[in-house]
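Protein chains in written order, with the working numbering: chain D, 9 to 312; chain B, 477 to 838; chain U, 455 to 991. Even for Gly, the Cβ is constructed at its ideal location relative to N, Cα and C. It should be emphasised that the depicted structure is a prediction, and the values quoted were computed from it without experimental measurement. Below is one structure, written out as structure tokens, with a few remarks after it.
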Amino acid sequence: MFEAVLLTVITAATPLLIAAVGELVVERSGVLNLGVEGMMIMGAVIGFAVANQTGSGSLGVIAAIAAGMAMSALFAVLVLFLVANQVATGLALTILGIGLSGMIGEAFIGVPGLDLQQLYIPVLSEIPFIGPVFFQQDALVYLSFILVAVVAYGLFRTRIGLVLRAVGDNHGSAHALGYSVVRVRFAAILFGGACAGLAGAYLSLAYTPQWVENMTAGRGWIALALVVFASWLPLRVVIGAYLFGAVSVLNLHAQALEFDIPSQLLSSLPYLATILVLVLISANRRLTLVNTPACLGKPFVPDR
Amino acid sequence: MRLELVKRKEHSQAMALLSPLIAVSLTALFAAIIFSVTGHNPLVGLYKFFIEPLTQQWSLEATIDKATPLILIGCGLAVCYLSNNWNIGAEGQFVVGALFGSGLPVLFPGFENAATLPLMLLFGAIGGALWALIPALLKTRFNTNEILTSLMLVYVAGLLLDYLVRGPWRDPGGYNFPESRIFSDAATLPEVFGGMMSLAAPITIGIAIILAVVLAKTLKGFEIRVMGESPRAGSFAGFSAKGLTLFSFALAGALAGLAGTMEVSGALNQLLPSISPGYGFTAIIVAFLGRLNPIGIIIAGFVLALSYIGGEGVQSAMGVSNEIASVIQGLLLFFVLACDTLILYRIRMVTKHAKSGEASHV
Amino acid sequence: MVNKAACTGEEVAETGSPDHDGGPPTRRSDRETLLNASGLTKRFGDILANDRVDLVLNKGEIHALLGENGAGKSTLVKMFYGSLDPDGGDISWNGRPVSINNPAAARELGIGMVFQHFSLFEALTVVENIALALPNPGNMQDLAKRIETVSRDYGLPLSPADIVADLPVGIRQRIEIVRCLLQEPQLIIMDEPTSVLTPQEADQLFVTLQRLAKEGCAVLYISHRLEEVKRICHHATILRHGKVVRECDPTKETAASLASMMVGADVASVSSGEGEAQVGQTRLTLQKLNAPAATPFATALNGISLDLKAGEVVAIAGVAGNGQGELFDAISGEMRVAADMVLLDGAPCGNRSITWRRKQNAAFVPEERLGHGAVPGMKLSQNIVLTRHSTGDKLVGGGFVSNAGASNLEQRIKKAFDVRMSHDDPEARSLSGGNLQKFVVGRELDRQPGILVVNQPTCGVDAGAAALIRQALIDLARSGSAVLVISQDLDEIFEIADRIAVISRGFLSAAEPAAQMTRERVGLLMAGGAETQGEVA
């Protein structure tokens, strides 16, 4: 039983983890992209469509990443070159993504999906309990952990990460020292888009291998909240994602146990938990202020 | 050669008027492209989408029905956005308002008199305001990001509605369908102007006009605009940022809740598991397209309402997915935001001048 | 202004001028040319920021670049540092023509820059900040060691692991300087470096600069402080309206003659009226004013006490970031404190709103003109409503704002304070710094307030506007009002203050008669003397 619960937690946590790590990089560069939900759902539909048409899960994943990046590029053009309001543009991205995905996905409703190849690691996967939990996951679960490690190392141990953090902390100073704020941010936004697209692909290819309209169901928004929860530190995102993964599968398991709780209440737990977590984290002003990228959400126009 | 933005010394009044028009034109252009790409005649598509709904009585009435909640919610959101409070949970406030408003006819179906409807509208507004005050209070008390909390509450509100219509509020004589009892006549919003529109429409226009005057002429309106542009200057003026956050959320919630109650009382006449085709989100687009000005929002509300009716139109006539409506809505918001750049910036073409001297480095 | 500056200059000389250590500065002469700029032109829209500027910098020379705000100094040095592309003209470096396309290219040539408002990243450590300006910073541990060595060597010690946000401004400037030094520069550009330093810290900086000059490094030195230019610079180029108007040897000029070259006319000196101020009753009292820091980047206020009397100007001196903003907010009511910590005419009001205090005939002018004192995107008449909606000016009736009333006031203030604008009632953002400052000060003076509190009244304002504002402050005090001025500008303080107090790390020294104060004493109080005094009190 515990093993089964843990396995569902992993699959529920993985898309949150991937999307949140991507958004963390975007926010570290000083940009707030609220369009994670829109990019994620585009990743889900494109990933499913391409995998369905080509019969290849990997092509689906690649297409989903490309779709997320294309959406994020749209966002980047508006907020970086046209200095549009980041909050409103992020919302626009979400509205557009949900609409577009519905239109593209109409043909795929009810079509059975294909499963991603699970990456069983020989011998180790045979170990009871540890085997199935740690070594019988699909490739994307492993990828999500590699992603976190790469981002954590990259942000704090490499020059690219240093420049990224510098741009997010003070874009004026970064510009004065000769760094291209727009270029750094563009790259970060594209990375965030790629991650959101990948997270979407995980939903439609691995989590529930099918296309359902609005299937992201607010996960993009929860990923945004996770970044705040993690106070912009990659390793804490892992904790947050797994915590939320656990909350979101409660519904599933509580029903199996036949608790007498309305299913709607259980379904609303992830959203209520998000609010609770945001309150707990934000109430600690010292913590949030120290870690928040100082330029988050602020437009940058260089004087020429 | 490249393009660069040059900040204007002052806001361009001309562009403030032109930018929504440019945005709508660009959206129409892209809509035409989408029609072509999906193998349809773009001109027919545009006609069916944007023009035809205005040519027939029934579709015109339907457009007014759809525009009404959009305008009402959009007005409230405009106050929030003007004062830099990012309430994106109007959809949830709409639903909770509808629940509060429906409490009377659902729980006390025998309470039928002249006070029924006014009380329902009042409760609806209160319900929406209370729901909106949750993120506002969390913001003022704990500094919590109101964007995320207000949105999370949309999902919670939807599940609450779902629970009620499937559970305690289900129509006892309704063959187990997930719906509430039908409202009595006393709880139904009457139609006016010979049945052309529900009473909701004139109420909405009246509220929009009052709000336009408040925003343009009063100290409260001044406070809202100052706080949005420069909170520090607002606090120097003696205005309270927290007070205004609570005020703007409560107002937006009340208007959304009122819209929700009018929707269930007028258009639906009962509670259903889903009572809104995303009015609360579309109203965000309405607010921006209307340049956060109530009069502009009245016009923008009609434009967006057209997209609902037009979407159904192109679906039935041409077999285009009616999701095209949300695609066009999303594109419209993009173009509105892009064109708004022109109000504060000019776009200048720069040709790289020839540099004298040799570049010895880089 | 000029007279006082001249007399205090002598006092500084007594405190151990670097001249004594390094001998008289070598005058500009035989050294070879390092940088030769000719005909540099830069245009922003309709404004010609630099108009065919010629400038020659020799190796080992400290070269002053003088000019009013808006004369084009920053534009010129930004072209040297690669932040701006010139629209015309040539730069040659060590005799070779170069084009400096970006700051990295400038740094590679050996040009370093110390920015006025710094180009530091508060959330990052000292070593990270420095690494960002180096082309190949290498291993962070090695870099940290190099920073320690070089900074100690030049007498500017730094701890590489410190987070910048925790450091005072003086240390932050060190980071910028050490960042330049690690690039083995041949030219260091310094934009107003002493504006954030105590007089003693400034002396220390001059020692460093003279050592650099001796080692052959050129320094391009932008400053408003003409006395220090006279003291340490070998040569001066003066810009006015984007053009070079004069070159001179500053040691052979007086501060007054330098000032008139910059302004193009004699600068009106401020008259403080005859004799001593006629001091009346106490209008504003601060009693053991304590306030914790609201954010990790703010300064706590520690037991501040002060009496401000009718008819006098009291000035609070201090280096930026020592609690001036917090003190202003506590007095204005933007930050609430315990009721009896702030008294207006004896009435406890520490917990009252800014509107209540305005109704008590108090008026406030904050440091930041745009975004605090005025809303950038609103018209001036609307900006009048900002502070005067509840002050009995009949601008609001029954909740409605009277646009006509606001326009009348706007016209009146415009005339009385010579606010120049391209067309009637423009948006605040379109005014120049000096004109906007005249407007925000004028908006309050127009009320004839009984108590006026001003934070940095003339920061970044041209000399003409500054003189007008200072005179207006003195005139207000002489007419019987109480005036409190918070300023970083010692020249200004000695020019207008009747009493002077010093703020340091949130502690305030006792206000002492200006006549008994010296710059040296103010400097010592700025550097922490105010703290010990405040703690004893």
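Unbroken stretches of the alpha helix (DSSP H), 4 residues or longer, contained in the region 665 to 692 of chain U | Scanning the region 665 to 692 of chain U for uninterrupted alpha helix (DSSP H) segments of 4 residues or longer gives 680 to 686, listed from N- to C-terminal end.
Every unbroken beta strand (DSSP E) inside the region 806 to 862 of chain U [3 residues or more] | Entirely contained in the region 806 to 862 of chain U, the beta strand (DSSP E) runs reaching 3 residues are, in chain order, 816 to 819.
Quick one: list the residues of chain A neighbouring asparagine 292 of chain D, beta-carbon separation under 8 Å, in chain order.
-> Absent from the structure: chain A. Protein chains present are D, B and U.
CA nearest to the CA of glutamate 822 of chain U, picked from U/Pro911, U/Ala518, U/Glu974 and U/Phe572 | In the third sequence, counting from the first residue as 1, residue 822 of chain U sits at position 368. The shortest C-alpha separation from glutamate 822 of chain U is found at U/Pro911.
Enumerate in chain order the residues of its own chain whose CB-to-CB distance from leucine 511 of chain U is below 6 Å, with the five nearest sequence positions on each side excluded.
-> Sequence index remark: in the third sequence, residue 511 of chain U carries index 57 (1-based). Correct list, in chain order: Leu488, Leu489, His517 and Ala672.
Tryptophan 229 of chain D (DSSP reduced to helix, strand or coil) | Residue numbering aside, residue 229 of chain D sits at position 221 when the first sequence is read from its first letter. Helix, per DSSP.
Going along the chain, which residues of its own chain have a beta-carbon closer than 6 Å to the beta-carbon of glutamate 486 of chain U, five neighbours each way excluded?
-> As a working note, residue 486 of chain U is residue 32 in the third sequence. Within the same chain, glutamate 486 of chain U has close Cβ partners Lys513.
Mark glutamine 902 of chain U as exposed unless 16 or more other C-beta atoms lie within 10 angstroms of its C-beta, in which case mark it buried.
-> Position 448 of the third sequence, counted from the start, is the residue given in the question as residue 902 of chain U. Glutamine 902 of chain U should be labelled exposed.
So, do the region 747 to 756 of chain B and the region 633 to 648 of chain B have three or more beta carbon pairs nearer to each other than 8 Å?
-> Flag = yes, the region 747 to 756 of chain B and the region 633 to 648 of chain B touch.
Histidine 261 of chain D versus threonine 503 of chain B - alpha carbon distance | Taking the first sequence and counting its residues from 1, the one referred to as residue 261 of chain D is at position 253. Taking the second sequence and counting its residues from 1, the one referred to as residue 503 of chain B is at position 27. If you take the alpha carbons of histidine 261 of chain D and threonine 503 of chain B, they lie about 46 Å apart.
Would you verify that the beta carbon of arginine 642 of chain B is, or is not, closer than 8 Å to some beta carbon of chain U?
-> Here residue 642 of chain B refers to the residue found at position 166 when the second sequence is read from its first residue. Residue contact check for arginine 642 of chain B against chain U: no CB pair falls below 8 Å.
What does methionine 48 of chain D reach in chain B if we use C-beta pairs closer than 8 Å?
-> Taking the first sequence and counting its residues from 1, one reaches residue 48 of chain D at position 40. Simply none; closest approach about 14 Å.
What's the C-alpha gap between valine 623 of chain U and glycine 176 of chain D?
-> Start at 1 with the first residue of the third sequence, and residue 623 of chain U comes out as number 169. Start at 1 with the first residue of the first sequence, and residue 176 of chain D comes out as number 168. In this structure, the CA atom of valine 623 of chain U is about 21 Å from the CA atom of glycine 176 of chain D.
Can you give the Cα-Cα distance for lysine 668 of chain U and serine 835 of chain U, rounded to whole angstroms?
-> Sequence index remark: in the third sequence, residue 668 of chain U carries index 214 (1-based). Sequence index remark: in the third sequence, residue 835 of chain U carries index 381 (1-based). Looking at the two C-alpha atoms, the distance is approximately 55 Å.
Counting only the same chain and skipping the five closest in sequence on each side, list residues whose C-beta sits under 6 Å from that of glutamate 655 of chain U.
-> Start at 1 with the first residue of the third sequence, and residue 655 of chain U comes out as number 201. Gly624.
Once you ignore the five residues that flank lysine 483 of chain B on each side, which residues in its own chain have a CB closer than 6 Å to its CB?
-> For the purposes of this step, residue 483 of chain B is taken as residue 7 along the second sequence, with counting starting at 1. For lysine 483 of chain B, same chain residues with a beta-carbon under 6 Å away, outside a window of 5 residues either side, are Tyr821 in chain order.
For glutamate 45 of chain D, is the classification buried or exposed, using 16 other Cβ atoms within 10 angstroms of its Cβ as the cut-off for buried?
-> Within the first sequence, the letter at position 37 stands for residue 45 of chain D. Buried, because 16 or more other Cβ atoms sit within 10 Å of the Cβ of glutamate 45 of chain D.
Looking at methionine 111 of chain D and leucine 201 of chain D, is the spacing between their C-beta atoms short of 8 Å?
-> As a first step, residue 201 of chain D must be located in the first sequence, where it is residue number 193. As a first step, residue 111 of chain D must be located in the first sequence, where it is residue number 103. Per the sequence shown, residue 201 of chain D should be read as glycine rather than leucine. In this structure, methionine 111 of chain D does not lie closer than 8 Å to glycine 201 of chain D by Cβ.
Measure the CB-CB distance between proline 557 of chain U and glycine 186 of chain D and report whether it falls below 8 Å.
-> Within the third sequence, the letter at position 103 stands for residue 557 of chain U. Within the first sequence, the letter at position 178 stands for residue 186 of chain D. A Cβ-Cβ contact shorter than 8 Å links proline 557 of chain U with glycine 186 of chain D.
Is the beta carbon of cysteine 551 of chain B sitting closer than 8 Å to the one on isoleucine 773 of chain B?
-> For the purposes of this step, residue 551 of chain B is identified with residue 75 of the second sequence, where counting begins at 1. For the purposes of this step, residue 773 of chain B is identified with residue 297 of the second sequence, where counting begins at 1. A contact, by the Cβ cut-off of 8 Å.
Taking alanine 21 of chain D as the reference, give the member of D/Gly118, D/Tyr210, D/Gly65 and D/Gly121 with the closest Cα.
-> Numbered from its first residue, the first sequence carries residue 21 of chain D at position 13. Among D/Gly118, D/Tyr210, D/Gly65 and D/Gly121, the Cα nearest to that of alanine 21 of chain D is on D/Tyr210.
Cβ distance (whole Å) where asparagine 909 of chain U is taken to contact proline 820 of chain U below 8 Å = Sequence index remark: in the third sequence, residue 909 of chain U carries index 455 (1-based). Sequence index remark: in the third sequence, residue 820 of chain U carries index 366 (1-based). A Cβ-Cβ separation of about 5 Å places asparagine 909 of chain U in contact with proline 820 of chain U under the 8 Å criterion.
If you compare alpha carbons, which of D/Val298, D/His183, D/Thr224 and D/Gln218 is closest to isoleucine 117 of chain D?
-> Taking the first residue of the first sequence as position 1, residue 117 of chain D is located at position 109. Among D/Val298, D/His183, D/Thr224 and D/Gln218, the Cα nearest to that of isoleucine 117 of chain D belongs to D/Gln218.
How would you call tyrosine 318 of chain D, buried or exposed, if buried means at least 16 neighbouring beta carbons within 10 angstroms?
-> No statement about residue 318 of chain D is possible, as the shown extent of chain D runs from 9 to 312 and does not include it.
Going by DSSP, what residues sit across from alanine 955 of chain U in a beta bridge?
-> Walking along the third sequence from the start, residue 955 of chain U turns up at place 501. Alanine 955 of chain U is bridged to U/Ile770.
For glycine 739 of chain U, three-class secondary structure by DSSP | Looking up residue 739 of chain U in the third sequence gives position 285. Strictly speaking, residue 739 of chain U in this sequence is threonine, with glycine absent from that position. Reduced to three states, the DSSP call for threonine 739 of chain U is strand.
Taking the alpha-carbon positions, what's the glutamate 588 of chain B to leucine 637 of chain B distance?
-> Reading the second sequence from its first residue, position 112 is the one you call residue 588 of chain B. Reading the second sequence from its first residue, position 161 is the one you call residue 637 of chain B. Between the C-alpha atoms of glutamate 588 of chain B and leucine 637 of chain B there is a straight-line separation of about 24 Å.
So is valine 698 of chain U buried or exposed if we call it buried at 16+ other beta carbons inside 10 Å?
-> Counting from 1 along the third sequence, the entry for residue 698 of chain U is found at position 244. Valine 698 of chain U should be labelled buried.
Kindly say whether leucine 734 of chain B, judged by its beta-carbon, lies nearer than 8 Å to any beta-carbon of chain D.
-> In the second sequence, the residue the question calls residue 734 of chain B occupies position 258. For leucine 734 of chain B, the answer is no, since every Cβ of chain D falls outside 8 Å of its Cβ.
Would you tell me roughly how many angstroms separate the C-alpha atoms of isoleucine 70 of chain D and valine 555 of chain B, rounded to the nearest one?
-> Counting from one through the first sequence, the residue named residue 70 of chain D turns up at place 62. Counting from one through the second sequence, the residue named residue 555 of chain B turns up at place 79. Those two C-alpha atoms are separated by around 42 Å.
Please list, in chain order, all residues of the same chain as phenylalanine 308 of chain D whose beta carbon is under 6 Å from its beta carbon, the five residues on each side excluded.
-> Residue mapping note: residue 308 of chain D aligns to position 300 of the first sequence, counting from 1. So the qualifying residues of the chain are His179 and Val189.
Does DSSP put leucine 548 of chain B in a helix, a strand or coil?
-> Here residue 548 of chain B refers to the residue found at position 72 of the second sequence. Of the three classes helix, strand and coil, the one that applies to leucine 548 of chain B here is helix, per DSSP.
Below 8 Å, can you find three or more Cβ-Cβ pairs linking the region 519 to 528 of chain B to the region 730 to 737 of chain B?
-> In the pairwise beta carbon analysis, the region 519 to 528 of chain B is classified as not touching the region 730 to 737 of chain B: fewer than three pairs are separated by under 8 Å.
Whose C-beta lies closer than 8 Å to the C-beta of valine 855 of chain U among residues of the same chain, with five residues either side of it excluded?
-> Taking the third sequence and counting its residues from 1, the one referred to as residue 855 of chain U is at position 401. A distance below 8 Å between beta-carbons, with the five flanking residues on each side excluded, links valine 855 of chain U to the following residues of its chain, in chain order: Val839, His843 and Leu849.
Own chain residues within Cβ distance below 7 Å of alanine 745 of chain U, not counting five before or after | As a working mapping, residue 745 of chain U is identified with position 291 in the third sequence. The beta carbon of alanine 745 of chain U sits closer than 7 Å to the beta carbons of Ala754, Leu755, Glu780, Ala784, Met789 and Val791 from its chain, once the five residues preceding and following it are set aside; these are given in chain order.
Excluding the five sequence neighbours on either side, which residues of its own chain have a C-beta within less than 8 Å of the C-beta of valine 812 of chain B, listed in chain order?
-> On the second sequence, position 336 is the one that residue 812 of chain B refers to. Take valine 812 of chain B, set aside five residues on each side of it, and the residues of its chain with a beta-carbon closer than 8 Å to its own are Ser495, Pro496, Ala499, Ile761, Phe764 and Leu765, in chain order.
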